[in-house]
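Peer 1:
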Amino acid sequence: MRSNVCSCGSGKAQEVCCENTTETRVWMVPFSNDSERQEFLNNLQIGSEFDMRYRGLVEFYGKDFIAYKQEQYFDQDRNDFLRYFSSYMADILEDDCPPSWKQCTPQFWEEFIVCYIPLIIKVTEDQKQVETIMKQLKLFVKWLDRRAHTSWYKYILNYSKRHRSELKACESLINHLYLTDFPKVFQNDWDYEHDLDLLLERYTEYDSTVHSMFEIKKIDQDIALMYDLKTSRSYSIIGLPEKLIRPGILMHGIIGKKDEDIFWDWHHTENISPLKSKDYIYFGLGSESCY
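If you count the sequence shown from 1, you need to add 78 to reach our numbering.
1) Kindly give me the distance between the Cβ atoms of Y305 and H345, rounded to whole angstroms, as I take these residues to be in contact under 8 Å.
2) Let me know the secondary structure DSSP gives I340 once reduced to three states.
3) Mind checking who K335 pairs with in its DSSP beta bridge?
4) Three-state secondary structure (DSSP) at D298?
5) Rounded to the nearest angstrom, what separates K147 and K246 at their Cα positions?
6) Could you tell me if the beta carbon of H289 falls within a distance shorter than 7 Å of some heavy atom in the ligand NAP?
7) Compute the distance between the beta-carbons of N349 and L197, then report whether it is under 8 Å.
8) Do S286 and K232 have their C-beta atoms within less than 8 Å of each other?
9) Report all residues from its chain with a CB closer than 6 Å to the CB of E189; omit the five preceding and five following residues, and keep chain order.
10) Y237 to G134, Cα distance in whole Å?
11) Is the beta carbon of Q205 less than 8 Å from the beta carbon of E244?
12) What number of angstroms, rounded off, separates the C-alpha of I199 from the C-alpha of Q185?
13) So, using beta-carbon positions, are I316 and D298 closer together than 8 Å?
14) Pairs of beta-carbons, one from the segment 289-303 and one from the segment 321-335, closer than 8 Å: are there three or more?
15) Tell me the DSSP secondary structure of N157 in three-state form.
16) Decide if N253 is buried, meaning its Cβ has at least 16 other Cβ atoms within 10 Å, or exposed.
17) Between A145, E172, D269, which has its C-alpha nearest R225's C-alpha?
18) Considering just the uninterrupted stretch of the beta strand (DSSP E) at S113, what are its terminal residues?
19) What did DSSP end up calling L322 once you bin it into helix, strand or coil?
This is the structure:
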């Protein structure tokens, strides 16, 4: 098939010319007086407390995040939530970010809950990351509805009830699997390099490996039938905790098998997500992502 010539006049095919040019957005912030300049610098400092990118200062959400931070400046859970949410807006959505709170959609909030929260769950001893983040999301949206005259809180409550059980299951599973690979993570003498070397050593013992996003379709005792979302191929996998897995969970990671083996081993975990996150998965070149 003949390629279209780029309209810029270079004579090159469009797909290798301007179509693939990386664009950089630049914002200019005019100040009419020193007071406005000082306010901007103050906001810059406050935003840095939760790692908000500079673009947040010129986007619609920046001043709301800063105002919310200031109401309970030293609340660590609130600060962590603002770090997560500002990253979601600026780093994940970027130019696809809605232009205002009122122009968000229910899917905007659901995507954050089912797709982004699983990405930021930390391995902890108390395993209460999901509860903490969801609590902070509810507090923020309730505050936002009053400030911006929106009505998103009812959606957050609905999504929380709908997805809480799966998110907690994902948290339990990612904690278990991570501690299987790195059993001393909470101990002072943990040697990360040693555990990583062991993981890589086991990886090299396989004759075949697959790195993808898998959906658990069926569980038969210690065997999980898993479906590769990228290739549509099915695998029978062992090595997963029977009591913690359930049909519908999505697992992003690596499986491996020796030629003489019948079943595949679950080798390493990158992320665990609820089934609903499949609605937001984008398969890029060689990688799977919720975005």
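Where is the CB? At the ideal position from N, CA and C, for every residue including glycine.
Peer 2: Looking at the coordinates:
1) One-based indexing of the sequence shown puts residue 305 at position 227. One-based indexing of the sequence shown puts residue 345 at position 267. Incorrect: roughly 18 Å between the Cβ atoms, too far for contact.
2) Working through the sequence shown from its first residue, we reach residue 340 at position 262. Coil.
3) Start at 1 with the first residue of the sequence shown, and residue 335 comes out as number 257. In the DSSP output, where bridge partners are listed per residue, K335 has S286.
4) Taking the first residue of the sequence shown as position 1, residue 298 is located at position 220. Correct three-state label for D298: strand.
5) In the sequence shown, residue 147 corresponds to position 69, counting from 1. In the sequence shown, residue 246 corresponds to position 168, counting from 1. About 27 Å.
6) Here there are no bound small molecules, and the ligand NAP is not part of this structure.
7) Within the sequence shown, the letter at position 271 stands for residue 349. Within the sequence shown, the letter at position 119 stands for residue 197. Their beta carbons are under 8 Å apart, which means N349 touches L197 by this criterion.
8) Walking along the sequence shown from the start, residue 286 turns up at place 208. Walking along the sequence shown from the start, residue 232 turns up at place 154. For S286 and K232, no; Cβs fall outside 8 Å.
9) Taking the first residue of the sequence shown as position 1, residue 189 is located at position 111. Here the set comprises Y358.
10) Your numbering for residue 237 matches position 159 in the sequence shown. Your numbering for residue 134 matches position 56 in the sequence shown. C-alpha separation (whole angstroms): 26 Å.
11) In the sequence shown, counting from the first residue as 1, residue 205 sits at position 127. In the sequence shown, counting from the first residue as 1, residue 244 sits at position 166. Going by C-beta atoms, Q205 is not nearer than 8 Å to E244.
12) Looking up residue 199 in the sequence shown gives position 121. Looking up residue 185 in the sequence shown gives position 107. The alpha-carbon atoms of I199 and Q185 are separated by roughly 20 Å.
13) One-based indexing of the sequence shown puts residue 316 at position 238. One-based indexing of the sequence shown puts residue 298 at position 220. No, the pair does not count as a contact, with Cβ atoms beyond the cut-off.
14) yes
15) For this step, residue 157 is matched to residue 79 along the sequence shown. Of the three classes helix, strand and coil, the one that applies to N157 here is helix, per DSSP.
16) Counting from 1 along the sequence shown, the entry for residue 253 is found at position 175. Under this definition N253 is a buried residue.
17) Here residue 225 corresponds to residue number 147 of the sequence shown, with the count starting at 1. The candidate whose alpha carbon is nearest that of R225 is A145.
18) As a first step, residue 113 must be located in the sequence shown, where it is residue number 35. First-last for S113: 112-126, but that is the alpha helix (DSSP H), not the beta strand (DSSP E).
19) The residue you call residue 322 lines up with position 244 of the sequence shown. Reduced to three states, the DSSP call for L322 is coil.
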